[in-house]
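Below is one structure, written out as structure tokens; the observations come after it.
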Amino acid sequence: RSWNKIKDVKLLGFAGYKAGMTQLHFIDNRPNSPTKGEEIRLPVTVLETPYLHLLSIRLYSSSAYGSSVIGEVWSDQLNADLSRRLKLPKKRNVKALEELQNKLDDASEIRVLVYTEPKSASLSKKKPDVMELAIGGKDVKEQFEYAKSLIGKPIGVGDICSEGDLMDAVAVTTGKGFQGSVKRFGVSILHRKSHGDGRRKVATLGNWMAKTWRVPHPGQMGFHNRTVMSLQLIKIANAKELPVTPKGGFLNYGEVKGNYVLITGSLPGPKKRLIRLNFAKRKRSSVFESIPENIEISKESQQ
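Take the sequence shown: its position 139, counting from 1, is numbered 147 in my numbering, and each next residue is one higher.
If you want it as structure tokens, here you go:
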């Protein structure tokens with residue numbers, strides 16, 4: 009997948025777990041906004057963002073057939089819960105990092121594998137989620153030194169993102185199972201005296217041997233990977249310093265206890281689902297050039 013390349017040598021993404029939504033109250037400071045100088049309410053999604061940890065460093069080389077991995081070394085400081093997700097090596101090659109460094113001249117890009125720490129959030133699961141992240145910058149040697157500095161070090165969302173950044177959110181939508189054409193595509197319900205048995209269907213299904221379906225059919229609805237583009241990061245905070253949990257807790261989630269971010273709008277997926285954040289590829293005009301001051305977070309009960 010593609011990444012928005014930046015000059016700074018740092019990770020180009022992060023991940024968090026969806027806790028729910030709330031709203032912010034503040035004075036609008038956008039110069040061209042119709043509500044400039046007035047108090048507005050902004051809907052935001054709360055993502056709890058426990059620390060990420062480095063799993064491995066990967067070297068990629070480019071050729072006419074695409075990118076391929078030419079070397080990889082695993083961290084020697086891995087969480088025990090990672091064995092729930094992957095089969096961990098029993099022995100570690102001490103010279104693996106040196107051997108990887110000797111291949112830097114053949115490498116075109118360096119990426120890292122990281123894993124989450126869900127038990128630090130308000131989740132019952134212990135199995136970490138693993139993902140690959142790209143590194144900014146153009147110099148492969150600088151990328152490699154940065155990746156080495158992450159070994160054994162917890163990676164916080166504040167180390168990568170800043171308030172006001174535009175992010176793309178990648179997540180799997182809420183699954184709805186096998187559904188009919190009316191619910192999937194919103195086709196019209198047939199007249200009750202017309203087409204025999206059944207009204208919630210398409211009258212003419214088109215040619216029978218079609219290679220691609222040209223009319224709406226029943227099938228899988230939801231549980232699709234989707235990207236919501238250009239959402240602004242409004243707040244990065246810790247729940248101990250700035251509580252965000254509403255009275256009674258977030259429905260189907262509970263209490264946000266650690267680091268979290270507030271990002272504008274709604275995000276795909278149900279509560280507790282993993283949301284991956286990448287630096288946005290497209291810019292948006294209606295954003296806050298400077299984050300408003302004196303933001304009040306609504307903590308009204310959602311029960």
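Cβ atoms here follow ideal geometry from the backbone N, Cα and C, with glycine treated the same way.
In the same chain as P97, and ignoring 5 residues on each side of it, the C-beta atoms closer than 7 Å to its own belong to W82, in chain order. Taking the Cα of I168 as reference, the smallest distance to any Cα among G21, S10, I14 is reached at G21. The straight-line gap separating the alpha-carbon atoms of R100 and L86 is approximately 12 Å.
The beta carbons of A27 and L282 sit no closer together than 8 Å. Here the alpha carbons of T182 and P278 stand approximately 6 Å from one another. Counting C-beta pairs closer than 8 Å gives three or more between the segment 226-241 and the segment 178-196, which meets the contact rule. Separation of G164 and H61 (C-alpha to C-alpha, rounded to the nearest whole angstrom) is 9 Å.
In this structure, P58 sits away from M29, with a CB-CB distance that is not shorter than 8 Å. In the DSSP assignment, E106 falls within the alpha helix (DSSP H) that extends over 104-109.
Residue burial annotation: A115 is buried, with at least 16 other C-beta atoms found within 10 angstroms of its C-beta. Within 10 angstroms of the beta-carbon of V102 lie fewer than 16 other beta-carbons, which makes it exposed. Contact between P136 and R66 does not hold, since the beta-carbon distance rounds to 18 Å and is not under 8 Å.
For Q151, the enclosing alpha helix (DSSP H) stretches over residues 148-157. Distance from the CA atom of R207 to the CA atom of V195, rounded to whole angstroms, is 11 Å. Between D176 and K289, the gap from beta carbon to beta carbon is short of 8 Å.
Rounded to whole angstroms, the Cβ separation of D173 and F287 is 7 Å, and the two are in contact under 8 Å.
Unbroken beta strand (DSSP E) runs of no fewer than 3 residues, entirely contained in the segment 61-108, are found at 61-71, 74-82, following chain order. One alpha carbon belongs to E46, the other to R38, and they sit about 10 Å apart. Between Y268 and E56 a beta carbon distance of about 5 Å is seen, short of the 8 Å cut, so the two are scored as contacting. The criterion of a C-beta distance shorter than 8 Å is satisfied by I242 and I299. If one requires a minimum length of 4 residues, the alpha helix (DSSP H) runs lying completely within the segment 184-256 are 189-193, in chain order. For G266, the secondary structure class from DSSP, reduced to helix, strand or coil, is coil. Per DSSP, the continuous beta strand (DSSP E) segment holding V122 begins and ends at 117-123.
A129 places its beta carbon 8 Å or farther from that of G256. In the DSSP assignment, N260 falls outside any beta strand (DSSP E) and carries neither an H nor an E. The C-beta distance from S202 to V120 rounds to 60 Å, too long to fall under 8 Å, and the pair is not in contact.
Per the coordinates, the alpha-carbon of S76 lies some 11 Å from the alpha-carbon of I118.
In the three-state reduction of the DSSP assignment, V165 falls in the helix class, which pools H, G and I.
For R292, the closest alpha carbon among the candidates E308, A245, D84, V236 is that of V236.
The beta carbon of N233 is closer than 6 Å to those of V180 in its chain, skipping five residues each way along the sequence.
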